[in-house]
Structures are given as structure tokens and as C-alpha cells.
Amino acid sequence: MAITPDGKTVYVVNAASDTVTPINTASNTAGPAIKIGDSPGAIAITPDGKTAYLVDGLGTVTPIHTATGTLGAAIKVGSDPQDIAITP
């Protein structure tokens, strides 16, 4: 899971259902699950909180626009990526 820099949203990766669920920390309620790739794994959020990047079992990194929950174009990175990190 990853938390936005402002602490307002937690993104939880659900590998078995191929989704990511945003949780509003003020109300402790889950938003609609975001369908993502195959076997999503590690997730990281940019310092400005605008984009979450998620690795999956298809060898891609997919950006999620946090304001809308929409996916950007998947980025092919190789076979079975395991982790992701973002520098400030």
C-alpha cells in the first residue's frame, strides 16, 4: 500500500482481484476499486500526490491519476517487476 503525501488517501493493492482500492483516511471509507493489470504488486506515489505508479505481473508499470482514479498508458519495463520507488 501507499499513502498520498497529504495523508488523505491510502491506496491498497489487491493482487487476487487485480485492483487497487483508494481509502479516504478522514472517513475510513473505500472508494471504487480501480481495475489494473495482472497481479498488481508494488505501488509508489509521486511527491506531489498526483500520480501513483503500480507494477504488475505483465512486466509493466501503470500510472494512476489520483485525482480521477483513471489509468495512464502502461509502461513496459521487463519481466515480472517487483518493486518501485520514487525520488523527491
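Under the working numbering, think of the first position of the sequence shown as 71, with each following residue one higher. For each residue, glycine too, the CB sits at the ideal point set by N, CA and C.
| query | result |
| --- | --- |
| Terminal residues of the beta strand (DSSP E) in which V147 lies | Premise fails: V147 is in no beta strand (DSSP E) and is neither H nor E. |
| Inter-residue spacing [alpha-carbon to alpha-carbon] between S164 and S109 | Residue 164 lies beyond the stretch modelled for the chain, which goes from 71 to 158, so this question has no answer here. |
| Minimum C-alpha distance to A144 - residue among V90, T89, D126 | D126 |
| Contact set for V82: own chain, Cβ-Cβ below 6 Å, skip 5 residues either direction | M71, T91 |
| I113 versus K146 - alpha carbon distance | 16 Å |
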